[in-house]
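Only one structure is covered here, and it is reproduced in the block below.
In the numbering used here, the protein residues as written are 1 to 172.
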């Protein structure tokens with residue numbers, strides 16, 4: 001990664017390759033930072049309708065994902081000005097159970113800001129960055145999953161749950 005050595009760094013990478021936690025941590029390391037908070041999201045073994053999940057398949061609209069990541073970083077920096085560096089790697093393609101699908105790290109001089117920022121980062125990533133996942137089952141069946149945290153899903157559910165007289169989007 002040929003990033004600027006001075007000043008804040010915001011690094012976003014979508015990859016079909018295995019994710020290196022150490023590479024993400026190294027990307028946010030700085031002598032001025034006493035804290036690096038890390039989040040690793042892995043594919044968990046789960047069951048849906050009696051079928052066992054064996055992996056996930058991810059797709060993304062990459063130009064929009066980069067744009068949304070840039071907005072996410074600006075929001076984090078506005079809320080936690082001491083955040084120094086932000087790095088997020090997300091897998092695309094096939095991710096089997098137990099493997100990391102997302103690795104992120106945020107550095108700051110003190111732990112409080114990096115811990116709060118990392119929690120916000122994963123929540124906002126799931127809510128706003130256009131990355132979709134499909135569960136693949138041991139039966140060879142697959143199912144695209146709606147992310148209940150994404151902003152367009154929340155808006156759709158809110159509109160559907162509001163009675164017509166209270167919902168300004170509802171036509172009578």
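C-beta: ideal position from N, C-alpha, C; glycine also.
Residue i and residue j look like a contact to me (Cβ under 8 Å); what is the Cβ gap, rounded to whole Å?
{"i": "residue 101", "j": "residue 56", "result": "6 Å"}
{"i": "residue 60", "j": "residue 131", "result": "4 Å"}
{"i": "residue 24", "j": "residue 89", "result": "6 Å"}
Short check: CB of residue i to CB of residue j, under 8 Å?
{"i": "residue 35", "j": "residue 114", "result": "yes"}
{"i": "residue 127", "j": "residue 134", "result": "no"}
{"i": "residue 65", "j": "residue 14", "result": "yes"}
{"i": "residue 62", "j": "residue 129", "result": "no"}
{"i": "residue 97", "j": "residue 47", "result": "no"}
{"i": "residue 92", "j": "residue 16", "result": "yes"}
{"i": "residue 11", "j": "residue 121", "result": "no"}
Thinking C-alpha only, which one of the options is nearest residue i?
{"i": "residue 54", "options": "99, 125 and 77", "result": "99"}
{"i": "residue 32", "options": "42, 8, 51 and 48", "result": "8"}
{"i": "residue 94", "options": "110, 58, 25 and 41", "result": "58"}
{"i": "residue 119", "options": "137, 139, 70 and 41", "result": "41"}
{"i": "residue 51", "options": "139, 76 and 25", "result": "139"}
{"i": "residue 112", "options": "38, 18, 145 and 144", "result": "38"}
{"i": "residue 30", "options": "145, 6 and 19", "result": "6"}
{"i": "residue 137", "options": "117, 22, 49 and 116", "result": "49"}
{"i": "residue 116", "options": "22, 146, 76 and 70", "result": "76"}
Which residues share a DSSP beta bridge with residue i?
{"i": "residue 42", "result": "100"}
{"i": "residue 131", "result": "60"}
{"i": "residue 110", "result": "Answer is none; residue 110 lacks a bridge partner."}
{"i": "residue 9", "result": "85"}
Report yes or no: is there a C-beta of chain B within less than 8 Å of the C-beta of residue i?
{"i": "residue 30", "result": "Judged by its chain identifiers, the structure shown contains no chain B, having just a single protein chain."}
**Report entry** Touching by the beta-carbon criterion (3+ pairs, under 8 Å), the region 81 to 88 and the region 106 to 116
**Finding:** Verdict: yes, contact present.
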